[in-house]
Every structure is written in structure tokens, then in C-alpha cells.
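38 is the number of the first residue of the sequence shown in our numbering; add one for each residue after it. Glycine residues also receive a C-beta, built at the ideal position from the N, C-alpha and C atoms. The structure presented is a predicted model; accordingly, all values stated were derived computationally and were not measured. Each remark here refers to the structure printed beneath this line.
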Amino acid sequence: MAHLLRRLVRQLKVVGRYRHPRFVYSSRYAVEVPWMKQDPRRAENILTFLAMNDLIARGDLSWPRPASFAALARVHDQTYLASLLEPGGLVPMLGVELPAPLEERVWLSQRMMVGGTMRAARLALEGRRRSINLGGGLHHAHADRGHGFCLINDVAVAIAELRSQGFGERILVIDLDLHDGDGTRTIFAADDSVHTFSIHNQDLAPVEAVGDTSIALGAGVEDAAYLAALREHLPRALAAAKPGLVFYLAGVDPAADDGIGNWRITAAGLLARDRFVVEQVERPGRPRLPLVVLLAGGYGTGAWRYSARFLGWYCSGGERLEPPSTEGVILRRYRYFASLMQPEALTGPARGNENELGISAEDLLPGGTPMPASRLLDFYSPEGIEHALERYGFFARLRSRGFDHPVLECELDNPAGQTIRVFADEERQDVLVELRLRRDRRMLPDGELLVVEWLLLQNPRARFPAGRRPLPGQKHPGLSLLRDVVALLVLICDRLRLDGVLFVPAHYHIARQSYPFAHFLEPADEGRFLALEALLAGLPFPEAAELVARGKVFDASAGTPFEWKPVPMVIPVSPRLRDRIQGDEHRRLADEARAVQRLEILPAS
38 MAHLLRRLVR
48 QLKVVGRYRH
58 PRFVYSSRYA
68 VEVPWMKQDP
78 RRAENILTFL
88 AMNDLIARGD
98 LSWPRPASFA
108 ALARVHDQTY
118 LASLLEPGGL
128 VPMLGVELPA
138 PLEERVWLSQ
148 RMMVGGTMRA
158 ARLALEGRRR
168 SINLGGGLHH
178 AHADRGHGFC
188 LINDVAVAIA
198 ELRSQGFGER
208 ILVIDLDLHD
218 GDGTRTIFAA
228 DDSVHTFSIH
238 NQDLAPVEAV
248 GDTSIALGAG
258 VEDAAYLAAL
268 REHLPRALAA
278 AKPGLVFYLA
288 GVDPAADDGI
298 GNWRITAAGL
308 LARDRFVVEQ
318 VERPGRPRLP
328 LVVLLAGGYG
338 TGAWRYSARF
348 LGWYCSGGER
358 LEPPSTEGVI
368 LRRYRYFASL
378 MQPEALTGPA
388 RGNENELGIS
398 AEDLLPGGTP
408 MPASRLLDFY
418 SPEGIEHALE
428 RYGFFARLRS
438 RGFDHPVLEC
448 ELDNPAGQTI
458 RVFADEERQD
468 VLVELRLRRD
478 RRMLPDGELL
488 VVEWLLLQNP
498 RARFPAGRRP
508 LPGQKHPGLS
518 LLRDVVALLV
528 LICDRLRLDG
538 VLFVPAHYHI
548 ARQSYPFAHF
558 LEPADEGRFL
568 ALEALLAGLP
578 FPEAAELVAR
588 GKVFDASAGT
598 PFEWKPVPMV
608 IPVSPRLRDR
618 IQGDEHRRLA
628 DEARAVQRLE
638 ILPAS
């Protein structure tokens, strides 16, 4: 009842104070480019969060079309556009050479984002309302070149499209991405009808524009200086521009934990920034300005949370809603799709004459020998597994990585554990995923666990970038799908009423990658791991993994080199296992074990 009341109050606030904003998004925005720090799941996680809080409905979401070449050519040089279609044509902007199919996906992704910004601008002008493109902000693209991951300038193309349709009012572009909006400023340098406003770390193009506010604050900027600059300069820019339309590039790469940023802006600071922008644009006492919000920059798997925090406040009418963890929102999405699937779709048809125990005459060979297993964990048929991987979007994620025809193989009669594999294509030469599972009743008193005997996630068609060495035991780059696999394992536990997922990390880096959602079964092992984490804090992940693997950590408390011990970790699913692993007693014992560890990094020899 309390939840329903909160939902009603939220909806009344939205209706009472605002018109619901319109969102623009296409799944084609999401492209996985190996070793780039953009999170292709950013928009999807934001949408999941908004849906979780009843802040978006089906009618609020629009799908764009890719921008036509005619629209692009209103801004960009024809020779430059043609060069983007040539093999290797994206290398100057992306910094890496990509296979041809992946180049095509990146090109289509940015054309779709440009089309999304064009669509969002039209929606904003319809009734002078808010609209949000869950992408875009490609502000580094100039008329004759691109850089910084930006091929084409979506804001400039959208403005040129509006001008071609007769929109003559002045326009303000508020660009609060960490990086200079050099491409947009250069394109409109001689156009006094477009005012470009940018607060950034450093200037990228020394171009003076007739309508421009450009402020470079340097590196290491914190909340106070950032917000002071914004509060001083944005009201002046609004007054000077007198816009009839505003574009807001709400980049979150100023965040302290951004993957490529060099500022130290907190979550509270970013939300205060976004609130100030909206309150200035929509200040009471004057006609509402149409506002187009674009995601712009943000790098790393946690970037979505800053955007979600802003859009949650924006769409709720001022409520502060804290997003869950990245693992939490991914699991929430998977659980939603799982709730739509009937058990029969996962198990396949009944195997004839099954009794109440689920055993049929066909399950036994003459002499009582069991028939080969036909279902994973006595529940999932191969057809059901394939259906689930399609329905949950796992195969779609593989396709976004360039594997257009993934193939599933199930080996269900292996005594060492039932195994499922996903190959890159029908040739079955390249294994992308290999997972071996079994059920276990011994490790947890009065409970049952799903045991992962083996897990392999790899991209055998990718190369390690220059300067990036493989992690211990790693032959190929990964797929960046560990969170998805964890979510699928949790769904199995939900469906089969298992207490959790157990695995034994053979290397330190596996434990570290798993620790956000997994804990050690024994408190002493957790304490030892936490002591190691404290020692290695601040080191880049590959460097920390290499130190442990090469024996460069010394255990002073034992007087011996530190040796990684493969011991059980669990992902708790049931309340009782969660209480045991995350409870006060487990934490107290882990802290005691951590306190007695004295670890040191050995000097380089």
C-alpha cells in the first residue's frame, strides 16, 4: 500500500507541475567497441531505472530514424562524409582499427543518434516541452573532420534541419561535457543566431565565435569551483542569447570516478549542476523554453547512474531518487523478462508418462541405467535455453559485438558437470562462452547451491590493444558480459529455488571482478582478500593482478610470499544465505581476519 501511495503522489506531482518529457532512443545506439570506455548499456540502464520508478510509459518513448545524407550534408563536407564510408575511415576519430562490420555498426549508431537529436528537437518544439535523446552530444565533430569518438555533429545537423523547415528563433547550446565543445563552436563561429556555452577542462580549438561563452577551468576541478562558474556565467549567456530553443549536453564525465576524466565532481555536485541548468531554462515568470537534453560524455559502467539521478529528479517533479548499483539494475531488467516467461517455454514438452517425481520409463535403460540427461539441471531444455538467451537479450549483446549468428551447444551428459557453449557462428570454431554447472547440497547446511565449475567469456576475434597485457590465464580479450552471466545464474536460482551461486576463483583478478556482487563463503578468506585490496588500492587493475600473479606481494604476518588461494565465493540469492554472508557476524569475523594480515609489495628487482 505504501508503494502505491508513493507512486500516486509521484504521478500527481508530475501531472501537476510538468508535462511528461518525451524520450528518444534506439537499440542501435548501443555498439560495443573493444577497449573503449563508453558503456553501450548506458541508455538501457537509465530506461530500466525510470521504468522501475514509474517515470516513463510506453507512449513517452519515440524511435528515431537514421539521419539522411542530405541532412548531414547541410553541415558536413561531402568529401569528409564519403571518407567515413571507406575501409579504415573511422580510425582518426576512434583511434583504433575495427573490422568492417563493426565500423558499419558505429557509423549507423551515430547516424541514429543524429536522427535522435533531430527527432528530439522537433518534439521539444511541439507544445514547447522537454525532450530527451538518450544518446547524442557528438560535439567534437567539425564540418570537415571528426575526433574524440565523434563522426558527425548531431546538434549542428539538428539545427540546420530546423532552419531548413523555417525555424528562425535564436538557439542556445549549453555544453557541460568535461571536454570542450570545439566542433559545435567552430561550426557556428560566424552565426550570431546560435550561442554556444561550454565549461570544460581545456580548450581544444582556439576559435572565437560571435555568440560564445567558453570557459576552461583546468584539471582537478571540484564542486565549489565548477558550480560557481556555472552560476556566474550561465544566467548571462541566457540573457545574451534570448533563445527560443535550448540544447543541453548533460555530460557526466566531470564525475570523480569517470573512466577518462580529470575532474573530481561528486554525484551531489552533478545533480546540483543539472538542477541549476533546468531551473534557469524553465525559470518561472517567463514563457517556457523548449529544452532538448542529450547524454553526451560519460565513461565507465557507472556513468549511467549520474544521468539516471538527474533524469529521475527531472521526470518526478523534483524527487531525489537514488539509482541502484549497475549489477542491481541489470538483474532487475533480466528478472522482468524472466517474469514474462512460462516454465513450459524453458523446459520444453513433457517427456511422456512422467509421474509425480518427474521420472518416466524413458529415463531408464534396461537394467536400471539412467538415460543421458536431456535437461540442464533437470529443468532447462536446450530449446528453452536458446529461447531464454534470445528473450533476455543475451544473444543481442553478442550481435552488438559483431557476432551476428551465435550458436548454442548443450552438453548435458558430462559427469564432470553439464556444459553449455556459445560459438561465434555455425562453423563452431570460436568459442565465446563456455559454462559448466551442477547443483550441490553439501557446501551449505540445509540448503542447495548452483555451482559454477567453469566459466569462460572471451572474444577470440579481438586483439589486445598496444600496451595492454593479458591477465593471468587469459588468451583473448573478454566480452564484458560477466554481469549478464551473473544475472542469468541468479535467474536460475530464482527459478529452481536455490540459495545462491558458488564458484572458486582460480586467480585474484577473478575474485576482484566478482566482488561487487559476490562474497567469500568463509569470513577468514574474506578478511584476507580485503587486506590485499587495501594494499593494492589505487593501482590500475592489470598492474595489481600482475603483482599478485608474479609473487610480488609479501605476507609479513606469516613471513612468506603471499600466495593466492582458490577458495569458495558465493553470490547470495536466498534471504538466509544473504543474511549469513552479508550479516554482522560474517563482517565482524572478516574484519578480525583482515586486521591480523600484514601485506607488503616487494620492491622491483
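If you check the beta carbons only, do valine 643 and isoleucine 618 fall under 8 Å apart? What the structure shows of the chain is the stretch from 38 to 642, and residue 643 is not part of that stretch, so it cannot be assessed.
With respect to the alpha helix (DSSP H) encompassing glutamate 570, which residues constitute its N-terminal and C-terminal limits? Segment 560–573, the alpha helix (DSSP H) holding glutamate 570.
Beta-carbon proximity check, leucine 121 vs tyrosine 62, cutoff 8 Å: Taking a C-beta distance under 8 Å as the contact criterion, leucine 121 and tyrosine 62 do not qualify as a contact pair.
Using the beta-carbon count (16 or more within 10 Å), is phenylalanine 578 buried or exposed? The residue is exposed, with fewer than 16 neighbouring Cβ atoms inside 10 Å.
Between arginine 312 and phenylalanine 284, what straight-line distance do the alpha-carbon atoms span, to the nearest angstrom? Cα to Cα, the separation comes out at about 15 Å.
Within a Cβ cutoff of 6 Å, which residues of the same chain sit near threonine 456, ignoring the five residues on either side of it in sequence? Excluding positions up to five away in sequence, the list reads Glu448, Arg473.
Figure out for me which residue from Asp219, Arg587, Thr154, Phe591 has the closest Cα to the Cα of leucine 199. Taking only the C-alpha atoms, the option nearest leucine 199 is Thr154.
When His57, His237, Leu486, Leu286 are compared against tyrosine 263, the one with the closest alpha-carbon: Of all alpha-carbon atoms in His57, His237, Leu486, Leu286, the one lying nearest the alpha-carbon of tyrosine 263 is that of His237.
With respect to the beta strand (DSSP E) encompassing glycine 537, which residues constitute its N-terminal and C-terminal limits? From DSSP, the beta strand (DSSP E) with glycine 537 extends over 537–540.
Does the distance from the CB of glycine 385 to the CB of serine 418 come in under 8 Å? Contact: yes.
DSSP-derived helix/strand/coil call for threonine 384: For threonine 384, the secondary structure class from DSSP, reduced to helix, strand or coil, is helix.
Run of the alpha helix (DSSP H) containing aspartate 616, from where it starts to where it stops: Looking at the DSSP string, the run of the alpha helix (DSSP H) that includes aspartate 616 is 612–619.
In angstroms with no decimal places, state the Cα-to-Cα distance between glycine 132 and arginine 631. In this model, glycine 132 and arginine 631 are separated by some 43 Å (Cα to Cα).
How far does the alpha helix (DSSP H) with tyrosine 373 in it reach, from first residue to last? 363–376 is the extent of the alpha helix (DSSP H) around tyrosine 373.
Assign alanine 292 to one of three DSSP states: helix, strand, or coil. In this structure, alanine 292 counts as strand in the three-state DSSP scheme.
Under the three-state DSSP convention, the category glutamine 550 falls into: In this structure, DSSP gives glutamine 550 a helical state, which the three-state scheme calls helix.
Would you be able to state if there are at least three C-beta pairs under 8 Å between the stretch 532–546 and the stretch 483–494? Contact annotation: the stretch 483–494 touches the stretch 532–546, with at least three C-beta pairs closer than 8 Å.
Compute the distance between the beta-carbons of aspartate 531 and alanine 375, then report whether it is under 8 Å. Cβ atoms of aspartate 531 and alanine 375: closer than 8 Å.
Indicate whether valine 523 and phenylalanine 557 have their beta-carbon atoms separated by less than 8 Å. Valine 523 places its beta carbon 8 Å or farther from that of phenylalanine 557.
Cβ of valine 244 within 8 Å of Cβ of valine 231? The answer is no: Cβ separation not under 8 Å.
Let's see if you can read the secondary structure: which residues bound the beta strand (DSSP E) around proline 609? 606–609 is the extent of the beta strand (DSSP E) around proline 609.
Can you tell which of Val247, Asp260, Glu259, Asp240 has its C-alpha closest to the C-alpha of alanine 253? The candidate whose alpha carbon is nearest that of alanine 253 is Asp240.
Between the Cα of proline 553 and those of Ile196, Trp341, Ser362, spot the shortest distance and give me the residue it belongs to. The shortest C-alpha separation from proline 553 is found at Ser362.
First through last residue of the alpha helix (DSSP H) which encompasses histidine 270: Residue range 260–278 is occupied by the alpha helix (DSSP H) that includes histidine 270.
From this set, Glu446, His179, Ala425, which residue's C-alpha is nearest serine 411's C-alpha? For serine 411, the nearest C-alpha among the options comes from Glu446.
Start and end residues, alpha helix (DSSP H) containing threonine 154: In the DSSP annotation of this structure, the continuous segment of the alpha helix (DSSP H) that includes threonine 154 starts and ends at 137–162.
Are there 16 or more other CB atoms within 10 angstroms of the CB of glycine 510, so buried, or fewer, so exposed? Exposed: under 16 other Cβ atoms inside 10 Å.
Can you tell me whether threonine 303 is helix, strand or coil according to DSSP? The answer is coil: DSSP assigns threonine 303 none of H, G, I, E or B.
Are the beta-carbon atoms belonging to arginine 428 and glycine 454 less than 8 Å from one another? Their beta carbons are not under 8 Å apart, which means arginine 428 does not touch glycine 454 by this criterion.
How long is the line joining the alpha carbons of methionine 150 and glycine 174, rounded to whole angstroms? Near 9 Å, if we compare the C-alpha coordinates of glycine 174 and methionine 150.
Nearest by alpha-carbon distance to alanine 461: which of Glu141, Gly203, Trp300, Pro497 is it? Of the candidates Glu141, Gly203, Trp300, Pro497, the one whose C-alpha sits nearest the C-alpha of alanine 461 is Pro497.
Are the CB atoms of valine 247 and aspartate 229 within a distance shorter than 8 Å? Closer than 8 Å, so yes.
Whole-Å CB distance - alanine 80 paired with leucine 332, under 8 Å assumed: Going by Cβ atoms, the distance from alanine 80 to leucine 332 rounds to 7 Å, so yes, they are a contact pair.
As assigned by DSSP and simplified to three states, the class of tyrosine 62: Coil.
Which residue marks the beginning of the beta strand (DSSP E) containing glutamate 637, and which one marks its end? That run of the beta strand (DSSP E) goes 636–638.
Classification of leucine 380 by the beta-carbon crowding that lies within 10 angstroms, buried from 16 upward: Leucine is not the amino acid found at residue 380; the sequence shown has proline there. Proline 380 comes out exposed.
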